[in-house]
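A.B. asks:
Here you go:
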């Protein structure tokens with residue numbers, strides 16, 4: 001498993017170790033269960049402790065206000081009833097838990113695209129072995145039987161009528177009359193330049209396919225990671241939709257109760273009921289998105305899409321991978337050195353250069369044919385008795401070398417021009433891949449910083465939305481005469497609720513998008529090892545903790 005799998009696996013368990021996040025306050029997480037988009041304060045931070053003191057308290061029993069008002073006014077409201085959850089229609093109880101580490105491991109052994117890329121490497125190794133084997137001779141063993149009846153022409157032009165026969169058995173075959181063994185027992189043949197450069201090119205083909213497999217692996221792992229993140233997003237949205245639906249039900253029940261006792265308008269109750277219906281529809285959509293995201297992840301893992309995958313992560317939290325202090329120019333330089341797609345293009349260029357060099361040397365490279373045969377030969381004719389006899393051993397050795405101008409040299413010139421064109425094509429393709437990778441790094445770098453800034457903004461929006469919603473909710477519940485001036489209209493409560501619901505979704509999206517941007521940046525860099533990304537911890541402007549502690553104690557001991 002690659003570094004992406006190892007690093008992401010540790011982070012999927014909620015570990016906080018790893019490269020530091022971009023400069024700024026560390027954002028909090030989003031639960032993938034109840035209270036899905038409520039920012040979680042850091043318990044070790046005194047500022048967050050003060051913030052917890054100032055946070056609005058949870059919603060109380062909203063039925064008590066209209067009930068007490070009804071008893072004071074002599075009215076009647078429906079009896080107390082808790083908010084019942086909306087049962088799912090697509091999400092069954094049978095789920096298969098999965099984390100990012102498991103997903104990446106499954107993708108590494110079951111993804112068809114990745115398996116195909118690896119098998120192409122095996123094919124390339126076999127082709128390289130075949131190219132290397134061209135330097136070894138071939139061995140042939142067999143026999144032949146030849147018989148002739150009729151006339152033959154001798155070398156001096158004389159026509160001779162003869163009936164003859166011959167048989168040969170041993171290393172080689174097709175030994176007839178006074179000629180050599182046409183199929184040698186041990187034979188080495190071929191063009192020297194084609195054999196040498198064919199082997200050198202085959203080595204580059206193997207390296208090219210290895211880099212291609214690495215690029216495919218990175219792409220598959222990135223898609224699996226993004227699919228897992230989208231599953232987390234879908235689960236988070238479903239949890240948020242459940243919470244929004246529950247709060248909308250409380251608002252609808254509160255306004256309906258007030259309308260029933262004459263303390264509120266029926267139009268407000270209808271408006272709240274409409275909002276509740278919309279939230280229930282949103283919950284159904286979120287439920288369908290969970291099933292869809294699970295099926296997409298299962299497809300990448302080559303699993304049955306009917307299997308319901310459920311992430312084990314309890315919180316959606318920011319997971320920075322690439323340290324922020326590394327400038328964009330340095331990141332692009334790292335990608336140029338580490339990205340397997342660029343390494344593949346460079347290998348293709350070397351492959352084309354070797355093929356061009358072989359084409360240039362081809363007219364000066366001899367074609368060799370070296371053969372050796374040994375066996376037994378026997379036979380006879382009607383002119384030499386016996387007709388079939390005279391068996392004895394024979395050996396033959398042949399060595400042939402010749403030089404060729406293919407198609408009177410025109411074919412050789414065409415091969416050279418073809419090699420030059422392939423070199424230029426390979427260089428242009430390398431430039432195209434280089435520009436694409438640089439653009440991917442720059443885009444992912446910008447996305448990480450933009451999403452990080454959005455996390456802080458959306459987190460503050462959620463906190464403000466909670467405060468406004470609780471305050472408006474409490475004012476709507478105001479029932480005594482002296483509290484009339486503090487009342488707000490139910491439409492204002494609905495507006496606060498909608499803003500809070502939207503802020504929750506935006507907060508979740510900001511965190512998931514931030515994580516996806518970091519994963520995309522890491523893959524765009526070519527998944528470099530950790531030591532390439534390691535940077536010293538910045539200490540400029542940071543005072544040691546011990547002197548600060550002494551100063552604090554001194555101020556407490558000697559107040560001014």
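Residue numbers (my numbering): 1 to 560. Where a beta carbon is used, it is the ideal one built from N, C-alpha and C, also for glycine.
(1) Would you call the region 187-199 and the region 340-351 touching, i.e. three or more CB-CB distances under 8 Å?
(2) Could you have a look at residue 120 and say whether DSSP puts it in helix, strand or coil?
(3) Does the distance from the C-beta atom of residue 419 to that of residue 358 stay below 9 Å?
(4) According to DSSP, what are the bridge partners of residue 305?
(5) Does the region 485-505 come close enough to the region 433-444 to have 3 or more Cβ pairs within less than 8 Å?
(6) Determine the DSSP secondary structure at residue 458, reduced to helix, strand or coil.
(7) If you draw a straight line from the alpha carbon of residue 68 to that of residue 255, how long is it in whole angstroms?
(8) Given that a residue counts as buried once 16 or more other Cβ atoms are within 10 Å of its Cβ, and exposed if not, what is residue 178?
(9) Helix or strand or just coil, what does DSSP make of residue 169?
(10) Tell me which residue opens and which closes the alpha helix (DSSP H) that residue 268 is part of.
(11) Could you check how far apart the C-beta atoms of residue 234 and residue 289 are, in whole angstroms? I think they sit under 8 Å.
(12) Using only the alpha-carbon positions, how far apart do residue 322 and residue 421 sit?
(13) Would you kindly work out how many angstroms separate the C-alpha atoms of residue 445 and residue 336, rounded to a whole number?
(14) Quick one: which unbroken beta strand (DSSP E) runs of 3-plus residues sit fully inside the region 325-406? Chain order, please.
(15) Give me the Cα-Cα distance between residue 183 and residue 144, rounded to the nearest whole angstrom.
(16) Would the region 159-173 and the region 308-324 be scored as touching if the rule is three or more Cβ pairs under 8 Å?
(17) Mind reading off the beta-carbon distance from residue 515 to residue 318? Whole number of angstroms is fine, and I expect it under 8 Å.
(18) Could you give the C-beta distance for residue 244 and residue 501, rounded to a whole number, given that I count them as a contact under 8 Å?
(19) According to the neighbour-count rule (16 or more other Cβ atoms, all chains shown, within 10 Å of its Cβ), is residue 228 buried or exposed?
(20) Determine the closest residue to residue 489 out of 367, 263 and 238, with distance taken between C-alpha atoms.
(21) How far does the alpha helix (DSSP H) with residue 189 in it reach, from first residue to last?
(22) Taking just the CA atoms, how far does residue 180 sit from residue 173?
(23) Count the other CB atoms, across all protein chains shown, that sit within 10 Å of the CB of residue 364; report buried if there are 16 or more and exposed otherwise.
(24) If we count Cβ pairs, one from each stretch, closer than 8 Å, do we get three or more for the region 211-227 versus the region 105-122?
(25) Closest to residue 224 by C-alpha separation, out of 108, 462, 433 and 386, would be which residue?
(26) Would residue 202 and residue 136 qualify as a contact pair, given that the criterion is a beta-carbon distance under 9 Å?
(27) Please state the DSSP three-state secondary structure of residue 108.
(28) Between which two residues does the alpha helix (DSSP H) carrying residue 143 extend?
(29) State buried or exposed for residue 236, treating a residue as buried only when at least 16 other CB atoms are found within 10 Å of its CB.
(30) Just the Cα atoms here: how many angstroms apart are residue 282 and residue 458?
(31) Where does the unbroken alpha helix (DSSP H) through residue 97 begin, and where does it stop?
(32) When we look at the beta-carbon of residue 389 and count the other beta-carbons within 10 Å, is it buried (16 or more) or exposed?
(33) What distance in whole Å lies between the Cβ atoms of residue 381 and residue 186, which are believed to be in contact at a cut-off of 8 Å?
(34) Do you know how far the Cα of residue 285 is from the Cα of residue 276?
(35) Take residue 46 and list the residues in its own chain whose beta-carbon comes closer than 6 Å to its own, dropping the five residues that flank it on each side.
(36) Return helix, strand or coil for residue 159, following the three-state DSSP convention.
C.D. replies: Working from what's here:
(1) Too few Cβ pairs lie closer than 8 Å, so no.
(2) helix
(3) yes
(4) None; residue 305 has no bridge partner.
(5) no
(6) helix
(7) Only weak support exists for where residue 68 lies, its pLDDT of 47 falling under 50; the coordinates are left without a value.
(8) Classification of residue 178: exposed, given that the 10 Å Cβ count is below 16.
(9) DSSP places residue 169 within a strand segment (E or B) once states are collapsed to three.
(10) 266-300
(11) 4 Å
(12) 40 Å
(13) Cα-Cα distance, rounded: 15 Å.
(14) 367-381 and 389-402
(15) A direct Cα-Cα distance of roughly 11 Å separates residue 183 from residue 144.
(16) no
(17) Right, the Cβ-Cβ distance comes to about 6 Å (below 8 Å), so this counts as a contact.
(18) 5 Å
(19) buried
(20) 263
(21) Not the alpha helix (DSSP H): residue 189 falls in the beta strand (DSSP E), residues 186-191.
(22) 10 Å
(23) exposed
(24) Between the region 211-227 and the region 105-122 there are three or more inter-stretch CB-CB distances shorter than 8 Å, so the stretches are counted as touching.
(25) 108
(26) no
(27) helix
(28) In the DSSP assignment, residue 143 falls outside any alpha helix (DSSP H) and within the unbroken beta strand (DSSP E) covering 141-153.
(29) buried
(30) 21 Å
(31) Element bounds for residue 97: not the alpha helix (DSSP H) but the beta strand (DSSP E), 96-98.
(32) exposed
(33) Between residue 381 and residue 186 the Cβ distance is about 31 Å, and since that is not below 8 Å, they are no contact.
(34) 14 Å
(35) At residue 46 the pLDDT is 39, less than 50, meaning the model places this residue with poor confidence; the figure from the coordinates comes in the next sentence. For residue 46, same chain residues with a beta-carbon under 6 Å away, outside a window of 5 residues either side, do not exist.
(36) strand
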